[in-house]
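For what it's worth, the working numbering labels the leading residue of the sequence shown as 290, then goes sequentially. Note that CB positions come from ideal geometry on N, CA and C, so glycine has one too. Nothing here was measured: the structure is a model prediction, and the numbers come from that model. What follows is one structure encoded as structure tokens, with my remarks underneath.
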Amino acid sequence: MARHYSTQEALDITMHSDCEDGSSSSSVDSEADTEEASESTEDASEARARAILSSTFAFTKTHTLVSYIPRRGRNVLLLSTKHRSPDVSNEMKRKPVIIKDYNRCKGGVDNLDK
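Structure follows, in structure tokens:
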């Protein structure tokens, strides 16, 4: 079973690992959180109280974390080493650019698994 992290926990993990390996590669990882998930942190309740289609960004020297609320009860977290700004699309759903890039490129992983 996948471990669910609060936004603060994910940031703490990345802040502790910043620049430790000297890596220059870029990546975008995703983690979806639903109301059924067993998060009992204060951050989870704050996400539920946020407005639909809102995005919250957190930054370190090498990582960007975005929390996006696409609909009530759903929190999508993405962690990127590529993106450095809080860009959001002008489309109706106001998705963060990090999510749009992830969705555009995620098929490459599926092709590698074949």
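{"Check": "Inspect the beta-carbon positions of N364 and A336 and report whether they are closer than 8 Å.", "Outcome": "yes"}
{"Check": "Among P375, I341 and G362, which has the Cα closest to the Cα of T349?", "Outcome": "P375"}
{"Check": "What does the Cβ neighbour count give for K384, buried or exposed, with the cut at 16 atoms within 10 Å?", "Outcome": "buried"}
{"Check": "Buried or exposed: where does I358 fall if 16 or more other Cβ atoms within 10 Å of its Cβ makes it buried?", "Outcome": "buried"}
{"Check": "Check whether the Cβ atoms of S356 and V377 sit closer than 8 Å, and answer yes or no.", "Outcome": "no"}
{"Check": "Taking DSSP's pairing of strands, which residues face L354 in a bridge?", "Outcome": "A347 and L368"}
{"Check": "With respect to the alpha helix (DSSP H) encompassing D390, which residues constitute its N-terminal and C-terminal limits?", "Outcome": "V386 to C394"}
{"Check": "For R363, does the three-state DSSP call read helix, strand or coil?", "Outcome": "strand"}
{"Check": "Classify C394: buried if its beta carbon has 16 or more other beta carbons within 10 angstroms, exposed otherwise.", "Outcome": "exposed"}
{"Check": "Looking at L367: is its Cβ nearer than 8 Å to the Cβ of I387?", "Outcome": "yes"}
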